[in-house]
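Quick notes on the structure that follows.
2 protein chains.
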Amino acid sequence: MTEHSLWRFSRALYRAINERHTDELDALIDDEVEWAIYGPIDMFPFFGARRGKAAVLDVCRQVADNVRVHRFDRESVMLGVDMAASMMRFSLTALNQNKPISLRLAQFAQFKGGKLSNMRVIVDTFDLVEQALGHPIHLPKIA
Amino acid sequence: MTEHSLWRFSRALYRAINERHTDELDALIDDEVEWAIYGPIDMFPFFGARRGKAAVLDVCRQVADNVRVHRFDRESVMLGVDMAASMMRFSLTALNQNKPISLRLAQFAQFKGGKLSNMRVIVDTFDLVEQALGHPIHLPKIA
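Protein chains in written order, with the numbering used here: chain F, 877 to 1019; chain V, 877 to 1019.
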């Protein structure tokens, strides 16, 4: 039984972010990859859509410039033949502010020949924004 | 081949929200269900964690009081034996404000004997909050 592409990709992404090694990651991304992390790109320029390996490697380097990952837990994982979905919780430091951030997200990944061909990430963005600002945003009760 | 529990549950949830029929939904929820929609509960009291069928039916009624679903698209779906993960996009109306809302979320569901036993939902909450407020929140660029 061979290892699922998700695990290889996740290790390579972790190393790219924390150790700034993108060689392994480079080998695991399809040239025509489609990528999106949904969220406010004004505050986090590494959010948003990217297309093609060069753009995705570049965005991973931007993430590496901004965060260090301390730990992550997969709260749910589903593996298909060439797909994976997981719900994850990250403990990070935002490097420019030296601030701890706790982040929950869902990722949906597709692979082609073992390489990442599609990645979509949904983040609990309001919680992230409040932590990055360092104070709560006042909200009216609407419901 | 029998229908996956996700499809039955989704139809019942849709009817519970749009037509205020919870009988079908009642039959498809495990008594000991665990449920969480992550997001700002000050603004949306139907977000947050719930435990047990009565609490989950109650929260579905609260959602029904507040939104009408116009359409939803599953952008990704993964089905396992007793699990499902999907990334979805909803077009809603917030009833109290008569306001259109477009919402992206990820749901991870587990079933036991065909009944929902666990549901976790991650929402792109910042985007939702801005739409519900009706104006953008100014954010500094931090990265």
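The beta-carbon is built from N, C-alpha and C at its ideal position, and this holds for glycine as well.
Comparing alpha-carbon positions, which option in 1014/V, 1018/V, 1012/V lies nearest residue 1008/F? 1018/V
Starting from residue 910/V, follow the beta strand (DSSP E) in both directions and report where the run begins and ends. 905 to 914
Below 6 Å CB to CB, which residues in the same chain sit around residue 963/F once its five sequence neighbours on both sides are set aside? 951, 952, 982
Touch test, the segment 918 to 925 of chain F against the segment 919 to 935 of chain V, Cβ-Cβ under 8 Å, three pairs minimum: no
By the three-class DSSP mapping on this structure, what secondary structure does residue 935/V have? helix
For the candidate residues 943/V, 883/V, 880/V, whose alpha-carbon lies nearest to that of residue 974/V? 943/V
Ends of the alpha helix (DSSP H) at residue 894/V? 881 to 894
What in chain V is Cβ-close to residue 1008/F, meaning under 7 Å? 1018
For residue 976/V, decide whether its Cβ has a neighbour in chain F, counting only Cβ atoms nearer than 7 Å. no
Taking all protein chains shown into account, do 16 or more other C-beta atoms lie within 10 angstroms of the C-beta of residue 915/V, making it buried, or fewer, making it exposed? buried
Applying a beta-carbon distance threshold of less than 8 Å, which residues of chain F neighbour residue 996/V? 951, 952, 963
Between the CA atoms of residue 998/F and residue 891/V - distance to the nearest angstrom: 26 Å
Checking the sheet assignment: what are the DSSP bridge partners for residue 991/V? 988/V
Would you check if the distance between the CB atom of residue 993/V and the CB atom of residue 934/V is smaller than 7 Å? no
Taking only beta carbons into account, state which residues of the segment 908 to 934 of chain F come closer than 8 Å to chain V, listed in chain order. 914, 915, 916, 918, 919, 920, 921, 922
When DSSP labels each residue in this structure, what does residue 1005/F get in the three-state scheme? helix
Are the C-beta atoms of residue 885/V and some chain F residue less than 7 Å apart? no
DSSP bridge partner residues for residue 969/F (one or two, in chain order): 944/F, 976/F
Is there at least one non-hydrogen atom of the ligand SAM closer than 6 Å to the beta-carbon of residue 942/V? For the structure depicted, the ligand SAM is absent and the ligand set is empty, with no information on it obtainable.
Would you call residue 1039/F buried or exposed, if buried means 16 or more other Cβ atoms sit within 10 Å of its Cβ? Residue 1039/F lies beyond the stretch modelled for chain F, which goes from 877 to 1019, so this question has no answer here.
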